[in-house]
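Engineer: Quick note: the sequence shown uses the UniProt record's numbering, first residue 331, plus one each step.
Here a beta-carbon is modelled for each residue, glycine too, at the ideal position from N, C-alpha and C.
Bear in mind the structure is a predicted one, so any value in this text is a computation, not a measurement.
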Amino acid sequence: RRIELDLHDAVRNDELVLHYQPQVDLRSGQITGVEALLRWRRPDGSLMAPGHFLPVAEETGLIVPITEWVLHEACGQLVRWSKEGLTLRMAVNLSGVLFHRVDMQHMLTEAITTTGAQPAQLELELTESVLIHNADIVNRQFKALRELGTAIAVDDFGTGYASLGYLSRLVIDRIKFDKSFMDRLESSETDQTILRSMIMLCRNLGIRMTAEGIERPEQARWLAAHRCEEGQGFYFGRPQTPDRVEALVRASL
Ligand code: G
Ligand code: G
Ligand code: MN
Ligand code: NA
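(1) Name the DSSP bridge partner or partners of residue 457?
(2) Span of the beta strand (DSSP E) holding residue 355?
(3) Please classify residue 567 as buried or exposed, where buried requires at least 16 other C-beta atoms within 10 Å of its C-beta.
(4) What did DSSP end up calling residue 480 once you bin it into helix, strand or coil?
(5) When a residue counts only if its C-beta is closer than 5 Å to some heavy atom of ligand 3, which residues count, in chain order?
(6) Find out if the Cβ-Cβ distance for the pair residue 418, residue 559 is shorter than 8 Å.
(7) Tell me whether residue 509 counts as near ligand 2, meaning its Cβ is closer than 7 Å to at least one heavy atom of that ligand.
(8) In whole angstroms, what is the alpha-carbon distance linking residue 371 and residue 385?
(9) Give the range of the beta strand (DSSP E) segment to which residue 365 is assigned.
(10) Considering residue 429, what are the terminal residues of the alpha helix (DSSP H) in which it resides?
(11) Confirm, please, whether the CB-CB distance from residue 432 to residue 395 is below 8 Å.
(12) Taking Cβ positions, are residue 454 and residue 501 nearer each other than 8 Å?
(13) Does the Cβ of residue 527 lie closer than 7 Å to at least one heavy atom of ligand 1?
(14) Does any heavy atom of ligand 2 sit closer than 7 Å to the C-beta of residue 462?
(15) Closest to residue 382 by C-alpha separation, out of 336, 473, 358, would be which residue?
(16) Name the one or two DSSP bridge partners that residue 452 has.
(17) Specify the secondary structure class of residue 377 as computed by DSSP and reduced to three states.
(18) According to DSSP, simplified to helix, strand and coil, what is residue 562?
(19) Going by DSSP in three states, residue 383 sits in which element: helix, strand or coil?
(20) Near residue 487, what residues of its chain come up, given a Cβ to Cβ distance below 8 Å and the 5 sequence neighbours on each side ignored?
(21) Specify, as a first and last residue, the run of the alpha helix (DSSP H) that residue 393 falls within.
(22) With a threshold of 16 other CB atoms inside 10 Å of the CB of residue 400, please say whether the residue is buried or exposed.
(23) In whole angstroms, give me the CA-to-CA distance for residue 496 and residue 464.
(24) Please determine whether the Cβ atom of residue 543 lies at a distance below 7 Å from any heavy atom of ligand 2.
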């Protein structure tokens with residue numbers, strides 16, 4: 331397939347780029363971290379979103395060299411920021427298929443040692459479905475990843491998986507409330523109750539929390555009033571280039 335061949339070249343020709351979206355402390359307004367979000371800069375100059383090429387990458391195995399690149403680039407950016415006096419948390423998304431194909435501890439160690447990044451500043455985002463449907467294999471790799479000192483976040487929490495069993499099996503550092511809760515926050519009292527309960531769940535288990543998909547100030551205010559720690563969304567900033575996000579970070583401090 332055409333996209334498969336092009337994607338192969340994309341990794342070699344340095345056509346991949348990372349944009350960074352701020353994650354904000356809802357109380358102080360400070361940016362505490364960023365999420366790395368992959369884009370593909372096509373030879374015609376357009377930017378392609380990951381939803382259009384990651385499924386192909388996962389099917390073909392190209393997700394392995396792509397993730398190596400992502401980790402290396404994200405760690406490199408952490409080090410560049412750190413040299414300029416900015417200490418941030420860097421969240422990176424991981425596909426579930428990776429755990430079946432490679433030793434993730436090895437891949438992460440490679441990125442950390444070649445760049446000099448601090449593993450404790452890294453956070454790996456896995457979706458609930460990965461944690462539930464690949465329990466054995468993820469379980470095995472999970473401990474090894476945490477041994478490096480890297481944090482683990484559950485992405486898209488609350489989207490259709492009723493099982494919370496993995497919360498007692500695995501040590502989770504952060505839960506990210508799915509954007510769908512923000513979409514219904516103002517119209518649904520039930521969703522407000524669910525969100526309040528999820529905040530309590532996290533607080534009682536000692537798990538950090540981030541609400542995703544915040545687009546309006548009222549949503550940010552509601553979350554802060556109900557003691558949700560952090561937020562992410564277009565209201566605080568879109569995924570953007572490192573220099574632009576750096577300016578936002580400095581303005582927030
Ligand atoms: O940035 P955008 O909203 O288009 O991202 C769409 C999806 O792609 C999200 O689910 C996000 O988690 C995923 N994604 C973005 N960057 C990466 C990446 O580097 N690796 C993996 N596996 N998924 C990513
Ligand atoms: O699955 P994951 O949570 O990693 O996906 C993050 C995706 O959500 C990114 O593609 C990002 O562009 C998108 N996103 C981030 N904040 C917002 C928001 O406030 N509104 C919308 N519609 N999308 C968002
Ligand atoms: Mn994510
Ligand atoms: Na998410």
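Structural biologist: Working from what's here:
(1) Position 127 of the sequence shown holds residue 457. BP columns for residue 457 point to 485.
(2) As a position in the sequence shown, residue 355 is number 25, starting the count at 1. That run of the beta strand (DSSP E) goes 346-355.
(3) Here residue 567 refers to the residue found at position 237 of the sequence shown. With 16 or more other Cβ atoms within 10 Å, it is buried.
(4) Here residue 480 refers to the residue found at position 150 when the sequence shown is read from its first residue. It is coil, neither helix nor strand.
(5) 423, 455, 485
(6) Taking the first residue of the sequence shown as 1, we reach residue 418 at position 88. Taking the first residue of the sequence shown as 1, we reach residue 559 at position 229. No.
(7) Your numbering for residue 509 matches position 179 in the sequence shown. Residue 509 Cβ: within cutoff of ligand 2.
(8) Taking the first residue of the sequence shown as position 1, residue 371 is located at position 41. Taking the first residue of the sequence shown as position 1, residue 385 is located at position 55. Whole-angstrom Cα-Cα distance: 17 Å.
(9) Residue 365 sits at position 35 when you count from the first residue of the sequence shown. From DSSP, the beta strand (DSSP E) with residue 365 extends over 361-371.
(10) Position 99 of the sequence shown, counting from 1, holds the residue named residue 429. Looking at the DSSP string, the run of the alpha helix (DSSP H) that includes residue 429 is 428-431.
(11) On the sequence shown, position 65 is the one that residue 395 refers to. On the sequence shown, position 102 is the one that residue 432 refers to. It is not a contact, given that the beta carbons lie outside the stated cut-off.
(12) The count along the sequence shown starts at 1 and reaches residue 454 at position 124. The count along the sequence shown starts at 1 and reaches residue 501 at position 171. Not closer than 8 Å, so no.
(13) Taking the first residue of the sequence shown as 1, we reach residue 527 at position 197. The answer is no for residue 527.
(14) Indexing the sequence shown from 1 puts residue 462 at position 132. Outside the cutoff, so no.
(15) Within the sequence shown, numbered from 1, the residue matching residue 382 stands at position 52. Nearest option by C-alpha distance: 336.
(16) Looking up residue 452 in the sequence shown gives position 122. In DSSP, residue 452 forms a bridge with 420.
(17) Within the sequence shown, residue 377 is the residue found at index 47, counting from 1. Reduced to three states, the DSSP call for residue 377 is strand.
(18) Counted from its first residue, the sequence shown places residue 562 at position 232. Coil at residue 562, not helix or strand.
(19) Residue mapping note: residue 383 aligns to position 53 of the sequence shown, counting from 1. Coil.
(20) For the purposes of this step, residue 487 is taken as the residue at position 157 of the sequence shown. Around residue 487: 458, 505, 506, 507, 508, 528.
(21) For this step, residue 393 is matched to residue 63 along the sequence shown. Taken as a continuous stretch (DSSP letters only), the alpha helix (DSSP H) holding residue 393 covers 393-413.
(22) Reading the sequence shown from its first residue, position 70 is the one you call residue 400. Buried is the call here.
(23) If you number the sequence shown from 1, residue 496 lands on position 166. If you number the sequence shown from 1, residue 464 lands on position 134. Using only the alpha carbons, I get a separation of about 11 Å.
(24) The sequence position of residue 543 within the sequence shown is 213, counting from 1. Yes, ligand 2 has a heavy atom inside 7 Å of this Cβ.
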